[in-house]
Amino acid sequence: MQGIFLEYKVAIIFLHVISAVVWVGGMVAMRYAAHQSFLEIESPAKRLERIAHALKRLFSIVVPFVVTLFITAIFMVKGYGLSQSDFSSLSYIKEALWSTMFINLMVMILRRNRGERFLNEGNMVGAKNQIELIGKVMVPLNIALGVVAIFLGTYLSSNL
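All residue numbers for the sequence shown refer to the working numbering, where the first residue is 22 and numbers rise by one.
What follows is the structure, encoded as structure tokens:
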């Protein structure tokens with residue numbers, strides 16, 4: 022694996038960085054740009070419908086980048102020999118952050134899907150309960166964790 026990493030190092034690092042940018046940037050755009058526009062929709066049913074649709078599109082876009090991020094991370098950990106380096110604890114922290122973000126993403130997808138099902142059944146309260154937590158807590162949490170992970174990645178790359 023180290024040989025593949027060394028041969029394709031620039032491409033692997035690029036794919037890793039762009040994946041992080043798309044994932045975290047997509048969440049920032051959704052939470053702080055699109056979300057504010059959704060709040061101006063007067064009909065609660067239409068607002069929830071639009072939010073659920075936008076989240077579905079966001080998740081469809083970011084999931085392939087999340088997979089790419091994990092694959093490239095494995096190549097980088099193995100390629101740089103981070104597990105046996107002085108930076109092993111930082112690389113484990115970074116892995117834990119991205120893993121937590123991934124689990125949070127999977128829960129967001131489940132909640133969005135449940136919310137959409139409730140919307141289709143006409144259960145507005147159930148839909149709101151499922152979708153509201155995503156925007157208020159889960160996306161901001163992933164943004165914060167992502168920013169810290171990107172900082173750690175920057176720190177690691179500047180010291181390798």
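For glycine and all other residues, C-beta sits at the position ideal for the given N, C-alpha and C.
Query	Result
Any 3 or more C-beta pairs closer than 8 Å across the segment 60-79 and the segment 40-52	yes
Met145 in three-state terms, based on DSSP	helix
8 Å contact criterion, which Lys157 and Leu69 should meet: CB distance rounded	The Cβ separation is near 14 Å, so there is no contact.
First through last residue of the alpha helix (DSSP H) which encompasses Leu177	Val160 to Asn180
Under the three-state DSSP convention, the category Gly102 falls into	coil
Ile62, DSSP secondary structure in three states	coil
Residue range of the alpha helix (DSSP H) that includes Ile155	Ile155 -> no alpha helix (DSSP H), and no H or E assigned at all.
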